[in-house]
Structures are given as C-alpha cells and as structure tokens.
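Here is the structure we will look at, set down as structure tokens.
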Amino acid sequence: MAAHAGAGTAPHADAARADDEARALLPASAPVAGHDDEDEEDLEERAFEASEKVIVSLSSDDADADLEAQLASSSGSPPFSWRKLWLYTGPGFLMSIAFLDPGNLEGDLQAGAAAGDTLLWLLMWATAMGLLVQLLAARLGVATGRHLAELCRDEYPDWARRALWLMAEVAMVGADIQEVIGSAIAIKILSRGYLPLWAGVVITALDCFIFLSLENYGVRKLEAVFAVLIATMAVSFAWMFTDTKPNGKDLLVGILVPKLSSKTIRQAVGVVGCVIMPHNVFLHSALVQSRKIDPKKEYQVREALRYYSIESTVALAISFMINLFVTTVFAKGFYGTKEAGSIGLENAGQYLQEKFGGGFLPILYIWGIGLLAAGQSSTITGTYAGQFIMGGFLNLKLKKWLRALITRSFAIVPTIVVALFFDSSDALDVLNEWLNVLQSIQIPFALIPLITLVSKEQVMGVFKIGHKMQAVTWTVAALLITINGYLLLDFFSSEIRGPLYGSVLCVAVLAYAAFVLYLILRGTEISNKIIVAIRKRLS
C-alpha cells in the first residue's frame, strides 16, 4: 500500500515542481495557470502581512456591514470613538519623526540664530503644507490598500519606474547620513568625547536593528518605542526652552506676523525645504496599512481616513512645538551675536553650555539627549522607509531582516566614510549643505506621482480628490518645488565655477527638468497631442 501511494503521488510532485519552476521564470505580475488569485497575490510584496496588522474593528463584520448600509442610506459619518482613535494611533507619529530629524533640528537652530523668532510663522505654515502632503499619502495607502512605491511600479513604464526608484533611494541615503551623523554627534556629546564620530555611527547602525527587531513582537511595540523617543525629545527641548526663558511677546509676534528680509531668505528657504522629506511620503502611505482595513468597504476606508487625519494632525502639532522650542532657544541665545553665522549641529551643544551653563543637569547633556532621541528615531524610520521603497518598486519579497540589512548597508557604508573624513564642525556643515541639496532635488519625484495618483479615479475610485483639492495640492507642490529650486540655484551659483562644470550642470538641469515635465504632463491631453505630433513628423 505504501509503495502504491508513493507511486501515485510522484506525478503530482513532479507537476508541482514543474509549476514552481515555471512560476520562477515568469515576471512577478504574470499569473501561472492552475493557481487562484490568492496564490497570485502571494507573489506581490506587501507592506504588512495579514497576521501583522492591528485589528481596529470593535464589532463583528456583520455589524460593520449593517452600519455601512445605514450610513450609505443616510449620508452620515461614522460615530467617533476614543478607543478606535487609540487603535489607529501610531503611523502618524512614526511619520512625524521626519519633521524632527537632526537635519530639521539644524535648520531650526540656524534659523533661530540668524533670524531670531521672525521665521516662526513660516515654520507653522510649512508644517501645515507638510501635513497636507502626508494626509494625501495616507489617503492613497488606505483607499488602495497599496503604498506609493507599489503603485508607481504599475503606473509608470519600466524606465521611469527605475528612475523614480533610484531617486527615492538617493533621497533616503542622503537623509539617513544626516540622521546617523546626528546620533553619532549626540553619542560623542554624552560620552564626553571618548567615543569618536565613527564609533557613534557603528553603534547607531547596530542598535537600529535591535529596535526594528521589536516589530517581531507586534507593530504596536515598535510604535511604543517611538512614543518614548518623541516624549524624550519633547521633554528635553521643553526643558531647554524653560531654562532659557524666551520672550513671550516676541514668540507670539513671530508666529502670527509674517516677516521676511533679504538677510534671512536662505534660512527661510531652509525651513520650508526641510519639511518635505521624499522618503517620508513613501513611508506614510505604507504605515497606514498596518491596520486591518478592507479597501473594498467604503465605510472602513472613511473611518480610517477620519482617525488617521486626527492622529496625523496631533502628531505634527507636537512636532511643530518641538521645532519651535529649538528655534526659540537658539534665537534667545545667539540672535545678533558673532556666533550666529558659525553655529551648526556639531558645535551647538558647546555653544549652549558656554551661553547658559548648567543647573541640576547641564544644558549640553539635555541637548545631547534630545539629539540622540531625534537621531535614533529618524534612523529607524529611514530604514523602515527603505524597506518599503525597495520592496515596492522592485517587487522584492524578501524577509524583513534581509531587506533591513540591505537598506542599512546602502547608508551605513557612506556614513562611516563621512565620519572618518569629515570629523570637524566646518566639514560637517559643508556636507550637510550638500545633503540638503541632494534631498531638495528629489522632492518632485515623490510629490508629483503622489498627486497624480490621488487625482485618478481608476486608482482611488470614490476617494479621489476633487478639482478644488487638486488645485490646492498642485499649488502647494509648485510652491515647494519653486522654493527648493531657489535653494538649488543659490547653492550651485556659489559652488560651481568654470565652463566645464557649468556645461555639465546645464545638461543635468535640462535632463532633470525634462523628467519633471514628463511626470507632470504624462497622461494629460497636452502630452497626448505632443506624442501625436511627434509621430506624424517621424512618419
């Protein structure tokens, strides 16, 4: 009987093996005959597996279906629940970390030292623009059940998809270098200089994996770690704020009265430019999928969008307050002084110590603790974003630890090189300027695909944004791209000299502008007319 059974199953085993070989040879998007849709979906890279998602429903599926039917007939909205808001809380706070990374903190302290409290109004409005962009990213992820990188893979032709992936990776590596260096500076401060910059880089790289391993115990555990790190930043910088006793009237005027002078234009551009981090747009569209939501059920999508909007707004309000604390502290201590032009992330702690001294806890170490929390949290989210970007664009279905290792390696190798060769304040400031430029260049390649996709009914269904919202978002995008264009023009005009470098820069600018125009015009009537005209001329 055993021999007979073995003989009977051998053909099936051979057939299964042949089927698996055929599947391996086919592209990821091509189905194999004989497999159902569920097997086909298993080939797709997912931000979160079904078993990893947080259940947000407080009732049975039947009760949800009945409530959805009632709301559809009455055109009402889902009832508010504090418990559900708590269940949805998490992704927005992880997203807000990008508004608090070491690069942003350096922009804050330089704006405060150079312009005082006069740019606080711009910080507030820049945060509001960032909130709009992040809400669109969340809308895209919830309504489609897929994140931005995955949708770009399907939306654009192969050459454009690969170009977008490359741009996203470059932006992520640039941000990661700043974040890891920020953590390394904090470790150097807290170790009283015993640990050099390169040692801090290695420590940050290793403990990033330790924190990410918490995800194996559930995404809520990882979110709890981020809550502790954000609270640490808030307490540290609020402590500094109260220690320095800033002028309340100047603070209020700075927030409410727009003021901009030719001397502070560069700091103003830096404040706005730091707000939109390209990798953060990809990250948020993936993080919202950590909750168990069926994108085919309109009631669940509307409910999720409601709670995510509240959570993201609260998270960015907290990040605005933390950025305000940093800006105000350095405005109080260094505005109008000779140190204002030379202060940076690496020497900021020492300047604070010389200016304000210490009390129960020296302000140098308070700054170090806050900076370490900012660097650690942003490094982890950067690695997280890198996993989604790589997996989404390339459809790589790899184990999470392997994706994290690959993503971390992209950033950690150049960062160690940077730590070894740029171990001085002036060199780090120059490097930071180049990294800010690098990320500014990438902004259109996250913003334009995002707005294009959330405006398409084929992608979003009933959740596509309306014409008025499209006008607002394109205006914000145009403003952000223009501001960053000014930053790039100002930077390259002072750095690039000679006809050879000028010629290379012109070619690069033309190619860059052509790709941006392609992304904007793709699929519109104008682009279709251009294509028809070119075909007629060539035929």
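At position 380 of the sequence shown the residue is numbered 380 (UniProt numbering), and the sequence of numbers has no breaks.
The beta-carbon is built from N, C-alpha and C at its ideal position, and this holds for glycine as well.
Small disclaimer: the values here were computed from a predicted structure and weren't measured.
- prompt: Using a Cβ-Cβ cut-off of 6 Å (strictly less than) and excluding sequence neighbours within five positions of tryptophan 165, which residues of its own chain qualify?
  reply: Phe393
message: For a test of the three-state rule: what should DSSP assign to proline 27, helix, strand or coil?
response: At proline 27 the pLDDT is 37, less than 50, meaning the model places this residue with poor confidence and gives no usable figure here.
query: If you count every other CB in all the chains shown that lies within 10 Å of the CB of arginine 497, and 16 or more means buried, which is it?
result: exposed
- prompt: Since glutamate 303 is in the alpha helix (DSSP H), which residue starts that stretch and which ends it?
  reply: 298-334
message: Please return the same chain residues whose Cβ sits closer than 7 Å to the Cβ of proline 362, not counting the five positions on each side in sequence.
response: Gln353
Closest by C-alpha distance to alanine 315, when choosing among Lys188, Leu260, Phe226: Phe226
field: Straight-line Cα distance separating tryptophan 367 from leucine 345
entry: 10 Å
Stretch pair the stretch 302-318 + the stretch 131-150: three plus CB contacts closer than 8 Å: yes
- prompt: Given lysine 355, which residues of its chain have a CB within under 6 Å of its CB, disregarding the five upstream and five downstream residues?
  reply: Gly333
task: Would you mind listing the alpha helix (DSSP H) stretches within the stretch 255-303 that are 4+ residues and don't spill past its ends, in chain order?
output: 265-273, 278-287
query: If leucine 109 sits next to isoleucine 343, beta carbons under 8 Å apart, how far is it from one beta carbon to the other, in whole angstroms?
result: 6 Å
field: Close-in-space but distant-in-sequence residues of the same chain around valine 201 (CB under 6 Å, 5 per side omitted)
entry: Val180, Ala184, Thr415, Ile416, Ala419
DSSP three-state assignment for valine 454, whether helix, strand or coil: helix
message: Within 10 Å of its beta-carbon, does valine 275 have 16 or more other beta-carbons around it, so buried, or fewer, so exposed?
response: buried
field: Nearest candidate by alpha-carbon position, reference glutamate 169, set Phe410, Leu148, Tyr486, Asn436
entry: Phe410
query: Secondary structure at valine 56, three-state DSSP: helix, strand or coil?
result: coil
query: Among residues of its own chain, excluding the 5 on either side of isoleucine 483, which ones have a beta-carbon nearer than 6 Å to its beta-carbon?
result: Val269, Val272
Proximity winner among Ser51, Asn216, Ala114, relative to lysine 338 (alpha-carbon distances): Ala114
Cβ neighbour criterion (16 or more within 10 Å) applied to residue 584: Here the chain covers residues 1 to 539 and nothing more, so residue 584 does not appear.
query: Does the stretch 247-259 come close enough to the stretch 116-133 that 3 or more CB-CB pairs lie under 8 Å?
result: yes
message: Count Cβ pairs between the stretch 274-289 and the stretch 202-216 that sit closer than 8 Å; are there 3 or more?
response: no
field: Buried versus exposed, by CB contacts within 10 Å (16 or more), proline 444
entry: buried
message: Would you call the stretch 290-302 in contact with the stretch 210-217, where contact means no fewer than 3 C-beta pairs closer than 8 Å?
response: no
- prompt: glycine 130: buried (16+ other C-beta within 10 angstroms of its C-beta) or exposed?
  reply: buried
task: Leaving aside the five residues before and after aspartate 490 along the sequence, list all residues of the same chain whose C-beta is less than 8 Å from its C-beta, in chain order.
output: Arg266, Val269
contact_flag[the stretch 460-468, the stretch 188-200] where n(CB pairs < 8 Å) is 3 or more: no
- prompt: How many Å lie between glycine 193 and threonine 452 at the Cα?
  reply: 49 Å
field: Distance between methionine 240 and serine 96 (C-alpha atoms, nearest Å)
entry: 21 Å
- request: Please classify isoleucine 520: is it buried, with 16 or more other beta-carbons within 10 angstroms of its beta-carbon, or exposed?
  value: buried
- request: Using only alpha-carbon positions, find the residue among Val516, Gly485, Trp86, Thr473 that is nearest to alanine 128.
  value: Thr473
query: How is histidine 147 classed by DSSP in three states: helix, strand or coil?
result: coil
Residue interval of the alpha helix (DSSP H) (run including residue 588): The structure shown does not extend to residue 588, since the chain is modelled only from 1 to 539, so the question has no answer here.
- request: Give the straight-line distance between the Cα atoms of leucine 136 and leucine 195, rounded to the nearest whole angstrom.
  value: 42 Å
- prompt: What is the DSSP secondary structure of residue 547, reduced to helix, strand or coil?
  reply: It is not possible to answer for residue 547, since the shown part of the chain is limited to 1 through 539.
- prompt: Which residues in the same chain as tyrosine 351 place their Cβ atom closer than 8 Å to its Cβ, once the five residues preceding and following it in sequence are excluded?
  reply: Gly333, Phe334, Glu339, Ile343
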